[in-house]
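Notes follow once the structure below has been shown.
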Amino acid sequence: MTLIASVLVGLIALLHVYIMVLEMFLWTTPRAMKAFGTTPELAAQTRVMAGNQGLYNGFLAAGLIWGLITGSAAIQLFFLACVAVAGLYGAATANRRILFIQTVPAALAILAVLLAR
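Counting in the UniProt record's numbering, the sequence shown runs from 1 upward without gaps.
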């Protein structure tokens, strides 16, 4: 179960690295605009805000990676909870799809980490 938990945490960390790259560096590209449902005009207007959002996603990824490197379930659980809460907020305020992209995987990883203890 420890391997499954580590793989899930690692995948969520990689997801947040990907989101960070999209938001910080690729926000005005067709790929990012399609992913986030923006237009070229909106992407241009919100570029700085998206970069800031991306930085926070990078911090989530860094925390999850830190938890994996140290093997600390507490660190992993803290950052997974942060991911889940951010996903709940995003699903409630921006797009319900975020619930399935962010919150559900984080909840599954939380369960796996708890079972691996």
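Built from N, CA and C at the ideal position, the CB exists for glycine as well.
Here the structure is a predicted model, which means the values were calculated and not measured.
Beta-carbon proximity of residue i to residue j, cut-off 9 Å
i	j	result
Leu88	Ala5	no
Met33	Gly54	no
Leu60	Phe79	yes
Met20	Gly58	yes
Arg117	Ala73	yes
As assigned by DSSP and simplified to three states, the class of residue i
i	result
Phe100	helix
Asn95	coil
Arg47	helix
Trp66	helix
Residue range of the alpha helix (DSSP H) that includes residue i
i	result
Ser72	That residue, Ser72, is in no alpha helix (DSSP H); it is neither H nor E in DSSP.
Leu15	Thr2 to Met24
Ala31	The sequence as given places Arg at residue 31; Ala does not occur at that position. Run containing Arg31: Pro30 to Phe36, per the alpha helix (DSSP H) assignment.
Of the residues the options, the one placed nearest residue i, counting alpha carbons only
i	options	result
Thr46	Ile65, Gly63 and Leu22	Leu22
Leu14	Ile75, Leu77, Thr93 and Leu68	Leu68
Leu8	Leu77, Ala94 and Gly90	Leu77
Val17	Thr38, Ala62 and Ala50	Ala62
Do three or more CB pairs link the segment 102-115 to the segment 71-84 at distances below 8 Å?
Contact holds: three or more Cβ-Cβ distances are below 8 Å.
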